[in-house]
Amino acid sequence: MKAPRYACLGALLAALALTGCSSGHGGSLDAQSGTPSPRCLVHQTKEPASRYTAGSRSDPRSVLELMHYFTANGTKTYCDGKPPTRTDHQWMDLYSKLGGALSHLPARNHPAR
């Protein structure tokens, strides 16, 4: 009966090891998922993670969420009334590099911080 116990322990350790490897540098887009139709944008606090920037190794769901968020909301003002930050611009630049239309982004008349 010891073999099944060790098999379970081995599977658990493997799962923990894979979980530790899955997090990359950078962060997730704050797509305001709790608000289906936000009236304004929140500033992004983390740079885009590799799940958005790794080309063919990117996570399709994460990329689609990014594209949807900026297509639907990109021209809205920020909730605090301030211009986009440097980090916000990184997300907007990624959106346009992935093929998003510039018409779905705010005018770039505010300098990045």
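Adding 5 to a residue's 1-based position in the sequence shown gives its number in this note's numbering.
Beta carbons are placed, not taken as given, at the ideal position from N, Cα and C, and that holds for glycine.
Assuming residue i contacts residue j (C-beta within less than 8 Å), just tell me the rounded distance between them.
| i | j | result |
| --- | --- | --- |
| Gly39 | Met72 | Not really, about 19 Å apart at Cβ, beyond 8 Å. |
| Glu52 | Thr82 | That pair is no contact at about 22 Å. |
| Leu34 | Tyr74 | 6 Å |
| Ser67 | Tyr57 | 6 Å |
What residue range is occupied by the uninterrupted alpha helix (DSSP H) comprising residue i?
| i | result |
| --- | --- |
| Asp56 | Checking the displayed sequence, the identity of residue 56 turns out to be Arg instead of Asp. Here the alpha helix (DSSP H) through Arg56 covers 55-58. |
| Gln37 | Note, Gln37: premise wrong, no alpha helix (DSSP H); not H, not E. |
Would you call the CB atoms of residue i and residue j closer than 8 Å?
| i | j | result |
| --- | --- | --- |
| Ala54 | Gly32 | yes |
If you draw a straight line from the C-alpha of residue i to the C-alpha of residue j, how long is it?
| i | j | result |
| --- | --- | --- |
| Asp64 | Ala36 | 16 Å |
| Leu107 | Met97 | 9 Å |
| His48 | Pro89 | 7 Å |
| Lys102 | Ala77 | 17 Å |
| Gln95 | Ser61 | 20 Å |
| Leu46 | Leu69 | 18 Å |
Does the beta-carbon of residue i, which I'm using as the reference point, lie nearer than 7 Å to any heavy atom of the ligand SAM?
| i | result |
| --- | --- |
| Lys87 | The model on display carries no ligand, and the ligand SAM is accordingly not part of it. |
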